[in-house]
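Presented below is the structure to which this report refers.
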Amino acid sequence: MIRVTRAAATAAALLALAAVSPGPAYAAQPAPGEPPTTSPGSRYGGLALPEGWTVTGAGAGRQLVWTSPEPVPMGDARVEFHADDRLIGRPVPQPDGRAFRLALGATRLDEGTRLSVTAGGRRLDAAAPSSAARALPPTPAALPETPLPANAVDPGTPGRYRTVSGSYDLDSVRLPGYPEPIEMRAVVVGPAGAPGKRPVALFLHGRHATCYVPGTDEMNGAWPCAEGTQPLPSHEGYLRAQRLLASQGYVTFSISANGVNGQDHRVEDAGAQARSSLVRLHLARWADWSAHRATAPAAVRATSPADLSRVLLVGHSRGGEGVNRAAVDSLTPPPADQDGYRGPVRWTIRGTVPIGPTIFGRNPAPDVPSMTVLPGCDGDVFDLQGQNLVDGTRGVSRGTALHSAVYVVGANHNYFNSEWTPGQAKAAAFDDFSSDDGTDPVCSPGTATRLTAAQQQAAGATYIAAAARLFVGGDDRVRPLLDGTGRRAPSAGPARVLTHAVGGHRTPAFLPDSGVAVSGSGRLCAQVDADATRSCLSPETAGRSPHFASWESSTEPGRDAVALEWTAPGSPATVRAARPVSLAGSNALALRLIVPPGSTGTTLDVAVTDSSGRRAALGRTRVDGLPGTERTASYWAREVRVPLSVAARAGLDLKRITALELTPGGGTGRAWLMDAWGWRPGTPAVRPAALARVDIGRLTVKEGDSGVRTYRVPVRVSGHGSGQVRLFVPHPDTGDVTSRLVTVRPGRHDIDLPVEVRGNTRHGYELRHDAYVKAVRGTVIGSHRGGVTALDDDAMPTVTLTPVSDDVTEGARLSWRVSLSAAADIDVFGGVSFLPVAGGAELSTADVDPAWLEEQLGHVPDPAVSLSEAGKGGLGLGVTVPAGQTATEIGVPTVRDDAAEPTESLRAVLTTYDGSWEPVPGPEFTGTVREVP
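Anchor point for the sequence shown: position 316 equals 313 in this note's numbering, and the numbering is continuous, going up by one each time.
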């Protein structure tokens, strides 16, 4: 039984408040009515707050605020607050682009707690340690690898067709959860006069600024765009790739999603479902136009006809997660109340190309081939979490769909889109990768490994064309560019592009999990675990691994690898399977191995043993590390293969292999085994399995006036067959997450999460409880997160203010009583803002207690100023009526001086919040301070 707590309710309510209320224009000064509990650099209880951090409010109304010295560009990675190594929440960005606010609820900030703010795993609130302090092994630029052999076929070579281009702009559409309509706009590039119906490629951009002011650097994330601003044309940023594909016979169109970007902070999934709906709405229109060509826009009629049975989806950043969800939704429809498209599926998605994608839901489409591009210098989705679109498919379905990871050394996030690239974009643009000292040896512009924008875009277009040729065209000759074989495409120019893959003609052999036994110089390690002794990569390690990117929980059972560490050659690590595995029919054993970035010459001798104890040495592998620094996610697996012919000649039973042995050849070193597979060439036909689909929704109810009602987290299981998921549930009191495996079947209630809601007649916050889920076997996940929210249906008590001592002599305390008409279940908070007086002399900062002023402002102004001018935007005074009480007293302590002064006064206004968390200006009041007789 889940019992909802006040802490969870507080967090939800204040996040809602922060989402709709104006944000501060300055770090030290909260918005009117928000009591400034601390100031930058001060202490909060026993905790010394770092620069840029403040805590506002009191009790259940506390908010943790971080303010950047400079605006934080709108991007795809979500901003997160951490206390030590624990995620405490995702703050709401404020309109000024600098401040981020998170309701603390019952979260403790004890002495010694290390606060940090990250986006995509990268610190935003502090400079990274110097290279000297956290240097990786040898300078990456000094370790060039021999170029890979050229592939027999170069997909980046332009085709024979003349291309035509145009655009269409249809009526906007409404999507669930989005108050403003979403545009239906696209730029079309296709072949002219190509025979027959042509395959289709749809492009979807990511989350970027939505509006801009022409001729200036001004951009914002509003929607719709205000007068004087124009929609930023992010959808026009893939023209190079579109023209290449069009010349090869593809009809391409790139759709605009500014309306989603400007509103996706309102929804739980960060816009994944809306982007899927938008993709499928466009595909539905193209299906209509294919059937009735005369009704199509001119830009569509100008190209060759489209074949909707052969569709490739290309998505950048959050667009990558969007096209992945569209692939899922095209095979297993989402719940109608969550979806913006409810018509039939009249298209077939043959593959997806996520580029620098987010995957917040950790819910890849297992039966749709994919090629995920990982930019080695990504400064936005810094943790390269899109790797999960490959790793997360293992064991979920049949495993015949090829899922490729393409690591592009020296590529940043933005330059794959020309409208996000300086010198090419219509609006202001920037390089998303940045180093605090400007001298990152791998990713700073001008280094040997960093790509120029033109080089990056050439590589991107070439590999998009490779995916199209393999997934849609069925040309197996380009597979070696994507599957870890180790070939290069000459059209990609100097770009160093490395690949590995799962699926295709691979047979699972050794996939580290709790069922394998590891001995010798290796250990089974957890990819995501708060315990450093269990985790694969210590938190103190310089740099990151895309394979070990964290998710919702600081500990995630079911994600394991094998960590090897040795201090002398010949120290083998043995991985023993729980039951014999078959390598029969495979040509080679393919291993995905990680070694430290910048390292060279790591050698491992590979051997296997069968169930009768016969052992065969398959050969020696050499693995070099990627170029990397502490600012990159370069602990990435290289694919190596050793032939199985030796084992066959030695008489091993390849149908019953029981152990894998890895023996290092060097003196000291480290490596990590992600997995090992039986491999043979070719690309099998993909037939999607009948999977069960799980969607977690959110139920919103009123608490009522009395009694206890039990509700259940809405979980819908659709599709076919049975499967297994892992369910995660945060503890209602501590926030600790527990998980369990659950077998689900359509039409049954295998996931049962009851929630008790207690009714009353006292004002309080809404109550909220969350749960989330991920696929393990035989399932696919749509909406991964949901829960129950109980709305408070009691009116906020009426707030009144009466003077206690509002006419005093110097040295006395001005005071007023703030009263409620009834007690509330929560702290009722607000604030007092000081206003210029209507006439006469105004009380100044020299007339009040300096210790009190230091507490309120963080400093004492010198020279003195009037109270209404103190601080940035004026002095604010916090007001909190604690839960269960009906009154509190506020005051301003004055000081006595010897100067002859006229009678002085102050003027102020009390601000509280209504039931919708809108600020409510209260009564104005005054106070008078006279000379001591």
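By construction, the Cβ of each residue, glycine as well, lies at the ideal position given by its N, Cα and C atoms.
Given a cut-off of 8 Å on the beta-carbon distance, is the pair residue i and residue j in contact?
i, j, result
"Thr174", "Val264", "In the sequence under discussion, the amino acid at residue 174 is Gly, which differs from the Thr named in the question. In contact: Gly174 and Val264 (Cβ atoms closer than 8 Å)."
"Leu586", "Leu508", "no"
"Thr629", "Val917", "no"
"Phe430", "Pro70", "no"
"Ala821", "Gly761", "yes"
"Ala604", "Glu658", "yes"
"Val559", "Leu601", "no"
"Ser631", "Gly373", "yes"
"Val937", "Ile461", "As shown, the chain starts at -2 and ends at 930. That puts residue 937 outside it, with no answer to give."
"Ala905", "Phe831", "yes"
"Val184", "Glu233", "yes"
"Leu649", "Arg589", "no"
"Ala613", "Ala647", "yes"
"Ile931", "Arg343", "Outside the shown range of the chain, which is -2 to 930, sits residue 931, and nothing can be said about it."
"Ala189", "Val161", "yes"
"Glu839", "Leu903", "yes"
"Arg931", "Trp548", "Absent from the structure is residue 931, since the part of the chain shown begins at -2 and ends at 930."
"His313", "Ile352", "yes"
"Pro494", "Val592", "Residue identity check: residue 494 is Val in the sequence provided, not Pro. No, Cβ-Cβ distance for Val494 and Val592 is not below 8 Å."
"Arg240", "Val186", "yes"
"Ala450", "Thr418", "yes"
Leaving out five residues on either side along the sequence, give the residues of the same chain with a beta carbon under 7 Å from the beta carbon of residue i.
i, result
"Ser715", "Thr329, Arg690, Pro743"
"Thr459", "Pro152, Gly153, Ala486, Ser488, Ala489"
"Gly567", "Thr660"
"Pro135", "At Pro135, the pLDDT of 46 sits below 50, so the modelled position is not reliable; the number obtained from the coordinates is stated separately. The residues are Gly595."
"Asp749", "Arg709"
"Leu738", "Gln721, Arg723, Val773"
"Asp304", "Lys194, Arg195, Pro196, Val197"
"Ala398", "Pro363, Asp364, Val365, Pro366, Gly500, Val683"
"Ala529", "Ser535, Pro536"
Where DSSP assigns a beta bridge to residue i, which residues make up the other side?
i, result
"Arg774", "Gln721"
"Val515", "Val572"
"Glu77", "Thr115"
"Ala820", "Answer is none; Ala820 lacks a bridge partner."
"Trp813", "Pro800, Ile887"
"His497", "Ala402"
"Val754", "Arg706"
"His766", "Val785"
"Ile693", "Val712"
"Trp674", "Pro505, Ala587"
"Ile748", "Its beta-bridge partners do not exist; DSSP assigns none."
Which residues in the same chain as residue i place their Cβ atom closer than 6 Å to its Cβ, once the five residues preceding and following it in sequence are excluded?
i, result
"Arg755", "Val705"
"Glu562", "Arg667"
"Pro685", "Leu328, Asp364"
"Pro331", "Gly779"
"Arg322", "Ala269, Ser273"
"Ala333", "Arg339"
"Glu886", "Ser812, Arg814"
"Ala116", "Ala74, Val76"
"Ala238", "Ala458, Ile461"
"Gly38", "For Gly38, the pLDDT reaches just 44, beneath the cut-off of 50, and the residue's location in the model is therefore unreliable, leaving the point undetermined."
"Leu864", "Phe831, Leu840, Leu872, Leu903"
Are there any heavy atoms of the ligand HEM lying less than 7 Å away from the beta-carbon of residue i, as far as the coordinates show?
i, result
"Ala362", "Annotation note on the ligand HEM: not contained in the displayed structure, which lists no ligands."
Report all residues from its chain with a CB closer than 8 Å to the CB of residue i; omit the five preceding and five following residues, and keep chain order.
i, result
"Asp803", "Leu811, Ser812, Trp813, Phe922, Thr923, Gly924, Thr925"
"Pro930", "Thr806"
Problem - Contiguous beta strand (DSSP E) assignments of at least 3 residues, all confined to the segment 563 to 638 - result: List check, beta strand (DSSP E) in window: 570 to 578, 585 to 591, 599 to 607, 612 to 620.
Exercise for the section: Only counting runs of 3 or more residues, tell me where the beta strand (DSSP E) segments fall wholly within the segment 204 to 289, in order along the chain. Expected result: For the beta strand (DSSP E) assignment, the uninterrupted runs of no fewer than 3 residues enclosed by the segment 204 to 289 are, from N- to C-terminal side, 248 to 252.
Problem - Contact the segment 493 to 506 vs the segment 470 to 482: 3+ CB pairs below 8 Å - result: With a cut-off of 8 Å, the segment 470 to 482 and the segment 493 to 506 count as touching, because enough Cβ pairs lie within range.
Problem - 4 or more residues per run - each alpha helix (DSSP H) lying fully within the segment 862 to 929 - result: If we require 4 residues or more, the segment 862 to 929 turns out to have no alpha helix (DSSP H) run fully inside it.
Practice task
Assess, as a yes-or-no matter, whether the segment 222 to 238 is touched by the segment 190 to 208 under the definition of 3 or more beta carbon pairs within less than 8 Å.
Solution key: Cβ pair count under 8 Å is three or more, so yes.
Problem - Completely contained beta strand (DSSP E) runs for the segment 144 to 196, where each covers 3 or more residues - result: DSSP runs (the beta strand (DSSP E)) wholly in the segment 144 to 196: 160 to 170, 179 to 188.
Problem - Residue ranges of each beta strand (DSSP E) within the segment 458 to 510, 3 or longer - result: The segment 458 to 510 contains these whole beta strand (DSSP E) runs: 494 to 499, 503 to 507.
Handout entry: Cβ contact (3+ pairs, closer than 8 Å) linking the segment 387 to 397 and the segment 343 to 353
Key = Flag = no, the segment 387 to 397 and the segment 343 to 353 do not touch.
Practice task
Counting only runs of 3+ residues fully inside the segment 324 to 410, write out the beta strand (DSSP E) ranges in chain order.
Solution key: Listed in chain order, they are 346 to 352, 367 to 372, 400 to 405.
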